[in-house]
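The structure appears below as structure tokens.
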Amino acid sequence: MSTSETTPKGALPYGRPPQTEFDDGLDYPRIGGVSFRRGTLTPNQAALWEEHWDRVGRTLSDEVIDPERWFGRPGPTILEIGSGTGTSTVAMAPREADHNIIAVELYRPGLAKLLGAMVRGGVDNIRLVRGDGVEVLQRMIAPGSLAGVRVFFPDPWPKARHHKRRILQSGTLRLIASRLAPGGVLHAATDHAGYAEWIEDLREVEPALEPMDWPWPECPILLDRPTTKFERRGLGLDHEIREFVWRRRAGEEPAR
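Going by full-length UniProt numbering, 194 is the number at position 194 of the sequence shown; the sequence numbering is gapless.
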């Protein structure tokens, strides 16, 4: 039996995902073992996955993405790290019809829900990558190629001993800056007070990223997110939504 017959499309190996060893003295998120045994797809999701994944999906690899070839057109590219079930992704994409959107997520059922929403809505400017966001940035995204990076409501890892797993760290900001074109935008949002303080402490840590005031009406990418069910639940618990925006400075080259 061939490998293609035994390995489902979009499958990742069990256990610890591959992690690049950075030697720049900065902090990067260190994730533990990951299991994908839970969260099976519905029959309809599985059918859509089988039909569309080869065209719109990729798994983490060392092949650098060529957005123009993958999307079949030129255009500014936005990378969303941790797209979850894709509620914001699929709602924002039609409002950025000239942009190419790459959604990165480890959790297959989340990508399957996003794929289903894409198909039902006829949204074709989104592509999917299954993998860890830091590794996708490091291994699959060319330096200076992105118009924007989005990190919406990342896992806050609230216990102090787990803070090392938070996606936003000094090293991640350096890596994101290196993948943004000059003038490119990083947009992060959280409803977790402790994580907001953590991000605030990182606002000035990367010289190539210029913190911008919120709101920023002249921003070159869409900042207006839809209110998701997850977000409404947080607001109902009196959680404050904090938005953070940076612009990649021209003439300031991140060391990568």
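C-beta: ideal position from N, C-alpha, C; glycine also.
Let me make sure I understand the geometry here. Which of the options has the alpha-carbon closest to that of residue i?
i, options, result
"V56", "T227, G194, R203, L128", "L128"
"G75", "A188, W53, N100", "N100"
"T85", "L115, E68, E204", "L115"
"L48", "V119, D213, P211, P217", "V119"
"F152", "E204, E252, G131, I167", "I167"
"D224", "W53, D155, M212, A91", "A91"
"P13", "G72, P67, R130, R174", "R130"
Between the beta-carbon of residue i and the beta-carbon of residue j, is there less than 8 Å?
i, j, result
"V136", "L209", "no"
"I221", "G110", "no"
"S178", "P254", "yes"
"S83", "A112", "no"
"I78", "G133", "no"
"T190", "P154", "yes"
"P211", "E218", "no"
"R143", "H192", "With the sequence shown as reference, residue 143 is identified as Pro, and Arg is not the correct amino acid for it. No. Outside cutoff."
Assuming residue i contacts residue j under a Cβ cut-off of 8 Å, what Cβ separation, rounded to an integer in Å, is found between them?
i, j, result
"R248", "G183", "6 Å"
"G194", "R108", "Actually they are not in contact, since the Cβ atoms of G194 and R108 sit about 29 Å apart, beyond 8 Å."
Just the Cα atoms here: how many angstroms apart are residue i and residue j?
i, j, result
"R242", "I141", "27 Å"
"D98", "W198", "34 Å"
"V245", "T87", "20 Å"
"H187", "E96", "15 Å"
"Q169", "E200", "11 Å"
"P226", "A93", "11 Å"
"L202", "E105", "24 Å"
"E206", "D27", "12 Å"
"W70", "E50", "18 Å"
"R30", "T20", "10 Å"
"D213", "A46", "43 Å"
"V185", "Q138", "18 Å"
"A181", "D24", "21 Å"
"residue 257", "H52", "A query on residue 257 cannot be resolved here, the shown segment of the chain reaching from 1 to 256 and no further."
"R176", "R150", "The sequence shown places Ile at residue 176, rather than the Arg named in the question. Their backbone Cα atoms lie some 10 Å apart in a straight line."
"R165", "E240", "22 Å"
"G251", "P18", "33 Å"
"R58", "F22", "24 Å"
"residue 315", "A117", "The question about residue 315 has no answer here: the residues shown for the chain are numbered 1 through 256."
"T89", "R174", "24 Å"
"R73", "D54", "18 Å"
Is the region 63-71 touching the region 38-48, taking contact as three or more C-beta pairs under 8 Å?
No, because fewer than three Cβ pairs between the region 63-71 and the region 38-48 fall closer than 8 Å, the two stretches do not touch.
Touch check for the region 146-160 and the region 113-128: three-plus C-beta pairs under 8 Å?
Segments in contact, no.
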